[in-house]
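Undergrad: Just dropping this structure here.
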């Protein structure tokens, strides 16, 4: 089955710790995205990547970092600089170019201990 | 940024049609109207999109006003599985990395059995 997988489903972070969220897709899509969703809110864009080895900051990139070394993978690191990391993180991909129809993964819920 | 306005919540009965409204009075001529929906604790799912003409697919219909300042997502026969948050989004921009999708809070649709 083609799709996007995110792991883990739940992730706990201690204060001052960096954590990395995984996002993998086997849809052969060029573009990938990371969003953050807080309770009762819409999605906010963290980072996006149009092709391998290229990525751009979104609206709320501070405290986050990404890499795009492979087409199918776009991991997100939540650094200790992100002071309020508790949220639902969603990864998406799209084909036929940036900002076309996006396909989302199931999400990772990050909680700070 | 071009913005959309949606009711916070709507209710429907099972097997009845549902009309979800969206206002986008500042839409520009090149902005596409996209609809996504998000079931509880899941990633959003693409529903439909259009530019000027009404659109139909297996999930829903999209009716776009002649002046493009509003649109309506139509679910022809609501089921309990249609209970979700529905997002009306404008894909605004001039192309490539200049495009942008902004997810607001959406409309929470409750379907009564």
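Residue numbers (the working numbering), protein chains in the order written: chain A, 1 to 113; chain B, 1001 to 1113.
Even for Gly, the Cβ is constructed at its ideal location relative to N, Cα and C.
Note that this is a predicted model, so its numbers are computed, not measured.
Determine whether the Cβ of residue 104 (chain A) lies closer than 8 Å to any Cβ atom of chain B.
TA: yes
Undergrad: Tell me which same chain residues have a C-beta within less than 6 Å of the C-beta of residue 1013 (chain B), skipping the five on either side of it?
TA: 1112
Undergrad: Helix, strand or coil: how does DSSP classify residue 1037 (chain B) here?
TA: strand
Undergrad: Alpha carbon to alpha carbon, how far is residue 1090 (chain B) from residue 112 (chain A)?
TA: The straight-line gap from Cα to Cα measures roughly 33 Å.
Undergrad: With 8 Å as the C-beta to C-beta threshold (strictly closer), list the residues of the segment 1043-1061 of chain B near chain A in chain order.
TA: 1043, 1044, 1045, 1046 and 1049
Undergrad: Please state if the CB of residue 78 (chain A) and the CB of residue 64 (chain A) are separated by a distance shorter than 8 Å.
TA: yes
Undergrad: What residues in its chain sit with their C-beta under 8 Å from that of residue 48 (chain A), if we drop five residues either side in the sequence?
TA: Leaving aside the five residues that flank residue 48 (chain A) on each side, the residues in its chain whose CB is nearer than 8 Å to its CB run, in chain order, 31, 32, 33, 34, 55, 56, 58 and 98.
Undergrad: Nearest chain B C-beta to residue 131 (chain A) closer than 8 Å, yes or no?
TA: The question about residue 131 (chain A) has no answer here: the residues shown for chain A are numbered 1 through 113.
Undergrad: Consult DSSP for residue 1077 (chain B) and reduce its assignment to one of helix, strand or coil.
TA: The answer is coil: DSSP assigns residue 1077 (chain B) none of H, G, I, E or B.
Undergrad: If I follow the unbroken beta strand (DSSP E) through residue 72 (chain A), where does it start and stop?
TA: Here residue 72 (chain A) belongs to no beta strand (DSSP E), and DSSP marks it neither H nor E.
Undergrad: Taking only heavy atoms of the ligand SAM into account, decide whether any of them is closer than 7 Å to the Cβ of residue 63 (chain A).
TA: Within the structure as shown, the ligand SAM is missing, as the structure has no ligands at all.
Undergrad: In chain order, what residues of the same chain have a beta carbon less than 7 Å from the beta carbon of residue 1051 (chain B), not counting five sequence neighbours either side?
TA: 1032
Undergrad: Look at the alpha carbon of residue 1004 (chain B) and the alpha carbon of residue 1103 (chain B), and state the distance between them as a whole number of angstroms.
TA: 9 Å
Undergrad: What does a CB cutoff of less than 6 Å around residue 1034 (chain B) pick up in its chain, not counting 5 residues either side in sequence?
TA: 1049, 1089 and 1091
Undergrad: How would you list, in chain order, the residues of chain A whose beta-carbon sits under 9 Å from the beta-carbon of residue 1087 (chain B)?
TA: 42 and 43
Undergrad: I need the boundaries of the beta strand (DSSP E) containing residue 1049 (chain B), first residue and last residue.
TA: 1045-1050
Undergrad: Does any CB atom of chain B fall closer than 8 Å to the CB of residue 101 (chain A)?
TA: yes
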